[in-house]
Amino acid sequence: MNFTRWSARLPGTQRRAARGTEGSVPAARGEYAQQLGHLTDTDDPDDPDDAAAAGVPALEDFSVRELLGRLPGLVALVYGPEHRIAYVNDAYAAAFGPRPAGTTVADTCPEAEELGLLPLLDQVLRSGKPRTVKSRRTQDGGSYTVTCLPVDSPHLDGGGVLVHAADVTDHAEAAERLRTSERRHRETAVTLQRSLLPQDLEQPDDLRIAATYQPGGTDAAVGGDWYDVITLGAGRTALVIGDVMGRGVRAAAVMGQLRTAVRAYARLDLPPHEVLQLLDGLAAEIDASQIATCVYAIHDPNEGKLVYASAGHLPILVRDEDGTVRRAEDPTGPPLGTGGWLHASGSIALPPGSTAVLYTDGLVERRREDIDEGVAALARALSGASGTPQVVCDRLLRSLGVTAEHDDDVAVLVVQHPSRQGADAELFHNAALELLGGVEAAPRARAFASGVLSSWRFPVELRDLGVLATSELVANSLQHGTPPMRLRLRRTDRRLIIEVTDGDDHLPRRRRAETEDEAGRGISIIATIASSWGSRRTPGGGKAVWCEFALPD
């Protein structure tokens, strides 16, 4: 078999009749150079016509069988609509075994079915256009990239197809090892990320909360999104969501450090903007190249609002009971770690029946779309989302088109302030007394507390402890505080909260009182009889000192 006989037309080549002494090959290099030397200045040795005239061998002068037989790639020639075998080269026979000429591919070439070549041969024969399939695997584990070229020759009944297969097993195995390594690396990062997030969200008495975190698809490295819920005492709750602008294990590790720091700063019971101020300095120390955004908000059930501060994060959205969606406005500052900025706190109403949503940019950011459009789409989805917080989470993800193949991490925190009615509402009460006058305020506060706790039908033992705690907190405020002073009692379905506020910002601390001391035992008594206690500075100056008692089951 030679090239002239089969007339195999490869892409980009043309058959030309050999000129001059067809089939002659120069006997020596010198003779070949001498023939080239006879070319004129206008002759082009690269032009087949000029080269043939000078005696340069043409492609048609070589045996196709010899050329194809020495190729390292696997070559087979089939013909006719049944794809009968005309030729296979040595590499093909070594890989899959010899194939008898005249037999059909379907009958004698199981590898063709494994590689999915039978439909491909039909397509090439019918369309007259080459087709290629990449990295197809056989049952023995080999991988091949196969190209099928149409062959037009009068010697081939019904036309033919030249099949060339390149063994890419080594490349495929290397790619699979790389994918496995990347998958393990990503699984490690996702595991680290999830382990750094709260495993069980704290559920405050006055709020219903759900959160979800979804890492990006398999082609996206894990990010640094996080959220947290922190009970501060006296019924107050801190809500946090943030996003480290980076990818991989490093971003997750920075996220973990920031989340731990937020929990530590939250225990100081500082206003939101002061927490972000501390976090800003820490972020720069952890890694100056890792920029993070964050929202820190505090809910106080007595105020019915969220007080928040934002470091470059997206705005909180609040849905009222009638479906109206409001967006938290400024103040907001630059991301954490930039330094040189004084953060400020703002507030947004969160009345009973409302729902607040905190989220990261993966939920609303899309390529070739302004992020404000994404926030607006989230607001529209939130306006129609009702049900439990977890149901709202799921609906928002679906409405925004977040799937398992999403290209970015997504964290969502949904907070509901339920509107209680009937028997449920009877478990939540508030009572307050302005502490006017001097030392006579103490007995008046004890009488007020006794009457309120009796009306709330607490057991005698708990009522007595509550009155004792009220007496100690009021006495401490009268001795060390300044007007205005106020006593507040609050009960939930799980605890009794007693809080006294005054105009002095000096926070009390527990200390050991000596035997001869006439004062200094009040806070120690509170710490002994109460489930927990604490103090904080209030906006505009002053302080609040509180304690809690767990209600019996």
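Heads up: the sequence shown begins at 15 in our numbering, then just goes up one per residue. Every residue gets a Cβ at the ideal spot worked out from N, C-alpha and C, and that includes glycine.
Could you tell me the boundaries of the alpha helix (DSSP H) in which residue i lies?
{"i": "N490", "result": "V474 to H494"}
{"i": "G295", "result": "P286 to I300"}
{"i": "S149", "result": "Run containing S149: none in the alpha helix (DSSP H); it sits in the beta strand (DSSP E), R145 to R151."}
{"i": "F110", "result": "D104 to F110"}
{"i": "S469", "result": "A455 to S469"}
{"i": "L501", "result": "Counting along the chain, L501 falls outside any alpha helix (DSSP H), though it belongs to the beta strand (DSSP E) covering R500 to R505."}
{"i": "E80", "result": "V78 to R84"}
{"i": "L441", "result": "It is not in any alpha helix (DSSP H) - L441 carries neither H nor E in the DSSP assignment."}
{"i": "L411", "result": "P403 to S413"}
{"i": "P133", "result": "L131 to S141"}
{"i": "V389", "result": "I385 to S397"}
Which residue from the options puts its Cα closest to that of residue i?
{"i": "L377", "options": "G347, G142 and R409", "result": "R409"}
{"i": "V254", "options": "G536, L215 and A298", "result": "L215"}
{"i": "A225", "options": "S400, T417 and V426", "result": "V426"}
{"i": "R471", "options": "L450, V160 and R505", "result": "R505"}
{"i": "K148", "options": "E486, A186 and S141", "result": "A186"}
{"i": "W547", "options": "V258, A390, R191 and L246", "result": "L246"}
{"i": "Y241", "options": "P522, D422, D516 and L372", "result": "L372"}
{"i": "A115", "options": "C123, A109 and A108", "result": "C123"}
{"i": "P498", "options": "L206, A179, D518 and E201", "result": "D518"}
{"i": "A311", "options": "A302, P286 and S303", "result": "P286"}
{"i": "L449", "options": "L441, H443, R458 and F442", "result": "R458"}
{"i": "R79", "options": "A105, I539, P71 and R98", "result": "A105"}
{"i": "A390", "options": "P432, L132, I362 and R341", "result": "R341"}
{"i": "T542", "options": "V119, R524 and R550", "result": "R524"}
{"i": "D344", "options": "D184, S361 and L356", "result": "S361"}
{"i": "Q404", "options": "E454, A418 and I223", "result": "I223"}
{"i": "E562", "options": "I512, P522, L521 and H520", "result": "I512"}
{"i": "Q435", "options": "R500, A266 and G367", "result": "G367"}
{"i": "V177", "options": "V321, G353 and L82", "result": "L82"}
What distance in whole Å lies between the Cβ atoms of residue j and residue i, which are believed to be in contact at a cut-off of 8 Å?
{"i": "V488", "j": "A456", "result": "5 Å"}
{"i": "A439", "j": "R509", "result": "Not quite, the Cβ-Cβ distance comes to about 17 Å (not below 8 Å), so this is no contact."}
{"i": "C162", "j": "V175", "result": "5 Å"}
{"i": "L331", "j": "V339", "result": "6 Å"}
{"i": "V289", "j": "V276", "result": "7 Å"}
{"i": "A120", "j": "L139", "result": "The pair is not a contact, with the Cβ atoms about 14 Å apart (cut-off 8 Å)."}
{"i": "T307", "j": "D257", "result": "5 Å"}
{"i": "T515", "j": "A558", "result": "5 Å"}
{"i": "P365", "j": "G318", "result": "5 Å"}
State buried or exposed for residue i, treating a residue as buried only when at least 16 other CB atoms are found within 10 Å of its CB.
{"i": "G230", "result": "buried"}
{"i": "E96", "result": "exposed"}
{"i": "T374", "result": "buried"}
{"i": "R2", "result": "As displayed, the chain neither begins before 15 nor continues past 567, which places residue 2 out of reach and without an answer."}
{"i": "K143", "result": "exposed"}
{"i": "H169", "result": "exposed"}
{"i": "Q291", "result": "buried"}
{"i": "D385", "result": "Contrary to the premise, residue 385 reads as Ile rather than Asp in this sequence. Exposed."}
{"i": "T346", "result": "buried"}
{"i": "G555", "result": "exposed"}
{"i": "T484", "result": "buried"}
{"i": "A302", "result": "exposed"}
{"i": "L85", "result": "exposed"}
{"i": "S469", "result": "exposed"}
{"i": "T274", "result": "exposed"}
{"i": "T552", "result": "exposed"}
{"i": "D423", "result": "buried"}
{"i": "A47", "result": "No answer about A47 holds up, because its pLDDT of 41 lies below 50 and its placement is not dependable."}
{"i": "G451", "result": "exposed"}
{"i": "S324", "result": "buried"}
{"i": "G192", "result": "Sequence check: residue 192 is Leu here, not Gly. Looking at its Cβ environment, which holds fewer than 16 other Cβ atoms inside 10 Å, L192 is exposed."}
{"i": "G295", "result": "exposed"}
{"i": "S491", "result": "buried"}
{"i": "G480", "result": "buried"}
{"i": "D567", "result": "exposed"}
Residues bridged to residue i by DSSP?
{"i": "R340", "result": "V332"}
{"i": "H178", "result": "V89 and T161"}
{"i": "S361", "result": "V321"}
{"i": "G247", "result": "R250"}
{"i": "C308", "result": "G256 and A325"}
{"i": "S368", "result": "H431"}
{"i": "C561", "result": "I512 and W547"}
{"i": "V424", "result": "Q228"}
{"i": "W240", "result": "G256"}
{"i": "L350", "result": "A306"}
{"i": "I99", "result": "V92"}
First and last residue of the beta strand (DSSP E) that includes residue i?
{"i": "G173", "result": "G173 -> no beta strand (DSSP E), and no H or E assigned at all."}
{"i": "C123", "result": "First-last for C123: undefined, no H or E at that position."}
{"i": "G548", "result": "S546 to R551"}
{"i": "D516", "result": "R509 to D516"}
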